[in-house]
Amino acid sequence: MFLGEFEQIVMLAVLRLERHGYGVSIRREIEKHLERAISPGALYTTLDRLEAKELLASRVRTPGQEVAGQKRCFEVTRAGLKALRDSRRVLETMWNGVRTSLGDV
């Protein structure tokens, strides 16, 4: 399964945050690395889509469990990790040997 660019970015942010990835923290992680704002709507739509594809799983954390308030936390599933690796391999294969009139990319 090939993932779109934003799907990959979201899943990589979830991996970086380990088991502490919830909407706001995922958004902050992405914005920190991309150095641009992303809309909450785009993020939550992508999180829901990835969960429907069983590439992410979520659970609700309640007060007293490391985070304040009730939050929906995400983690990458085995299928999600495989999809990320497959997407990376496809992109690396496509980039291998690419040249432009400006030189190597």
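Residues in the sequence shown are numbered consecutively from 7, following the numbering used here. Even glycine gets a Cβ: it sits at the ideal position worked out from N, Cα and C. Just so we're clear, the structure is a prediction, and the values are computed from it rather than from any experiment.
Sixteen is the threshold: since fewer than 16 other Cβ atoms of the shown chains lie within 10 Å of the Cβ of M7, the residue is exposed. For the pair V82 and L21, the CB atoms are nearer than the 7 Å cut-off. Taking the Cα positions, K77 is about 13 Å away from A63. Three or more Cβ pairs closer than 8 Å define a contact, and the stretch 12-21 meets that threshold against the stretch 34-47. Residue ranges of uninterrupted alpha helix (DSSP H) with 4 or more members, entirely inside the stretch 18-83 and ordered along the chain, are 29-40 and 46-58. Within the same chain, and ignoring the five residues on either side of T52 in sequence, the residues whose Cβ sits closer than 7 Å to its Cβ are F12, E13 and V16. With 16 or more other Cβ atoms from the protein chains shown falling within 10 Å of its own Cβ, L49 counts as buried.
The C-alpha of E98 is placed about 27 Å away from the C-alpha of A58. Rounded to whole angstroms, the Cβ separation of G27 and C79 is 6 Å, and the two are in contact under 8 Å.
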